[in-house]
Each structure stands twice: as C-alpha cells, then as structure tokens.
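Residue numbers for the sequence shown, in my numbering: 1323 to 1494. These notes concern the structure reproduced below.
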Amino acid sequence: NYNWMNRNLQATPHRIAKLLRIWSQQYGIGMRVLRRADNQNPVGFYLLYPVASESEVNFFQDPNRGLHFSSESETDPFAIAQPGDGQCLAVYIRSWVVEAPYVSTHQTLFLQDAQKVLAQMKQDFPNLCDLYSMIMHPTYEALAVTLGFQKMRNSPSSIYWMYLALDRFLAL
C-alpha cells in the first residue's frame, strides 16, 4: 500500500519485505495477516509497532518524516521498544490494509483481533496508553474517525497523524 508514494516501484516492495522481516524478528506479535479460508491467500495485514520512548517526539512533528517504508533513508525515525520496557507508552499502527472486497465482511474481525493483540502487548509493555496512526489515504480516515481517532493538528499535506487512547480502543 506504499507503492503509490514512491516512484521506484522496483525497490519499494523489496524494501518493505526486508523491513517486515527485521521487525518480525524484533517483535513479531504486532504483525498479523488476514487470510482467505479457502486458499490462504492474504487479504489484509496490520502492523502494531511498540515505539521506544525516545521516538515518541516523531508523532508531534511533520508526518512526512515518519515515512520510513517509502523513504530512501536507512535510518528509521521510530525505534522499536523491547519487551519489558516500562518507558514504552505508544503503539504506532504502521500499516493497516484490508483488500476492498473483504472490508465489509472482515474488517470487524480484524479490529477485534487487533484488540486481542494490543491486550497481549500490554503484558509486554505494561504502561502502553497511546495509539498513533498516520493517515496517508482518505479511505482510511473514515475508519479511524469511526473508531474515535482524532486528527492531532491541521496539516497542509494530505498525510497527517491521528491519536486514540489505547483504553478507548480496547473498550470498543
């Protein structure tokens, strides 16, 4: 879902696959794939990324600086927190994609799964309290607003940060 932002369509899928492998080794619990029951083909994916406290400042800066998937920089502006880190307060929803034909039938199941995964993540990061999402495409804004996310500030760009308290999401 990031190819549209980058002119180098050859490198982006490889870069994303590489980053996902690295992140899954660091903390794979927040990565989930929604698959069809009949053939196991993927139809959705999300990535809930526990953010190290020193990286939280990025949520209050220009969101374009947080586009690590599609940037050419080797330096990720968001460091991942390690399990047991009591200073980890935030989860960054780095990706949330459900293919259009499955949104109406599977989005709710995916959201419920995310609630379970976040509850599990609270065991590893007991002080988690914040959820952040970067809205890059208008189709995801409606879902975020429905769930209670709020735009953090006006942005001249079509890309912006949204926030929701974790306990509000878990209570849905």
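All C-beta atoms in this analysis are idealised placements derived from N, C-alpha and C, irrespective of residue type, glycine included. All of these numbers come straight from a predicted model, not from anything done at the bench.
query, result
"Reduced DSSP secondary structure (H/G/I, E/B, other) of Phe1491", "helix"
"Euclidean distance between Cα positions of Val1439 and Leu1469", "17 Å"
"Opening and closing residue of the beta strand (DSSP E) in which Val1419 lies", "Ala1412 to Val1420"
"Asp1460 versus Pro1405: straight-line alpha-carbon distance, rounded", "It should be noted that the sequence gives Pro, not Asp, for residue 1460. Distance between the alpha carbons of Pro1460 and Pro1405: 33 Å."
"Whole-angstrom C-beta distance between Asn1380 and Pro1399, which should lie under 8 Å", "5 Å"
"Local Cβ density within 10 Å of Ser1377, reported as buried at 16 or more and exposed below that", "buried"
"Three-pair Cβ contact test at 8 Å for the region 1429-1445 versus the region 1470-1478", "no"
"Ser1455 versus Ala1412 - alpha carbon distance", "11 Å"
"Short Cβ contact (8 Å threshold) for Leu1453 with Phe1491", "yes"
"Simplified DSSP assignment, three categories, for Gln1472", "strand"
"Which of helix, strand or coil DSSP assigns to Asn1481", "At residue 1481 the sequence reads Ile, which differs from the Asn that was named. Looking at Ile1481 - three-state DSSP - the assignment turns out to be coil, as it is neither helix nor strand."
"Beta-carbon proximity of Met1443 to Leu1342, cut-off 8 Å", "no"
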